[in-house]
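In what follows, a structure is listed as structure tokens, so that the remarks can point back to it.
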Amino acid sequence: WAGFNAGSALAANGVAAQAIMNTFLAASAAMLGWLAVERIKSRHATTLGAASGAVAGLVAITPCAGFVGGMAPIYIGIIAGVVCYLALSLKQVLRLDDSLDVIAVHLVGGLVGSILLGLFADSTINSLVANEGTFLGGGADLLFDQIVGSAITLAYSFVASFIIAKVLDVTIGLRVDSSEEDEGLDLSQHAEAAYAA
68 WAGFNAGSAL
78 AANGVAAQAI
88 MNTFLAASAA
98 MLGWLAVERI
108 KSRHATTLGA
118 ASGAVAGLVA
128 ITPCAGFVGG
138 MAPIYIGIIA
148 GVVCYLALSL
158 KQVLRLDDSL
168 DVIAVHLVGG
178 LVGSILLGLF
188 ADSTINSLVA
198 NEGTFLGGGA
208 DLLFDQIVGS
218 AITLAYSFVA
228 SFIIAKVLDV
238 TIGLRVDSSE
248 EDEGLDLSQH
258 AEAAYAA
């Protein structure tokens, strides 16, 4: 993830170094945010929660990595950890089939990071920042642009994914039958077990 975020600078420069530092700060802060809420809500912090929180922070900082500095990656991480943990509880309410928590961690984390860029973007970190984030005195222009851009991206991704899913469903099918599901997809589809029983 550090290579991806820093590599987006397309050079070994200060923006790349800032992106690496922001990546690790956000991941650490998100892990702590997730674990704090998990501990409050369930009285137990888990290693899965630590990993999920760190990934939520990595996802959230990706759109911001080369554009924020100071305490911003820590704030972004904490917010992402807390919001993604809370989004996870919607899985049961909405009855989503999401065994890897991709929606709560990646979808919600990505939206959180994209929108928070509108609050924390800093032109002293990256000269490509035309409008400072709201918290740095830039007004609401960038925040509004980030919200609109996120909504457009969400709509496009939904439509494209829906079309792909429909094509797959019509051609090869999206679901296996219940006996194959009970046996496990590793065995029923690939004739091997990923983990020893």
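Numbering-wise (our numbering), the sequence shown opens with residue 68 and increments by one.
All residues carry an ideal CB built from backbone N, CA and C; glycine is no exception.
All figures in this text were calculated on a predicted structure; none of them were measured in a lab.
- Shown here for residue 188: same chain residues with a beta carbon closer than 8 Å to its own, the five before and five after excluded, namely 131, 134, 135, 196, 198, 199, 200, 203, 205, 209 in chain order.
- It is roughly 40 Å from the alpha-carbon of residue 158 to the alpha-carbon of residue 194.
- The DSSP-derived three-state label of residue 165 is coil.
- Taking a 10 Å sphere around the C-beta of residue 122, we find 16 or more other C-beta atoms and assign the residue as buried.
- Burial state of residue 128 is buried, judged by a 10 Å Cβ sphere holding 16 or more other Cβ atoms.
- Taking C-beta atoms under 8 Å as the contact rule, residue 125 and residue 93 qualify, at a distance of about 7 Å.
- Using a Cβ distance threshold of 8 Å, residue 86 and residue 95 do not count as a contacting pair.
- Considered as a whole, the stretch 225–261 harbours no complete run of any beta strand (DSSP E) with no fewer than 3 residues.
- Minimum Cα-Cα distance from residue 143 among the listed residues 162, 175, 191 corresponds to 175.
- DSSP places residue 104 inside the alpha helix (DSSP H), whose first and last residues are 81–109.
- The way I'd put it, the stretch 137–155 does touch the stretch 96–103; three or more beta-carbon pairs between them come closer than 8 Å.
- Residue 72: member of the alpha helix (DSSP H) spanning 69–74, first to last residue.
- Annotated three-state conformation of residue 120 is helix, per DSSP.
- When DSSP states are grouped into helix, strand and coil, residue 194 belongs to the coil group.
- Rounded to whole angstroms, the gap between the alpha carbons of residue 106 and residue 112 is 5 Å.
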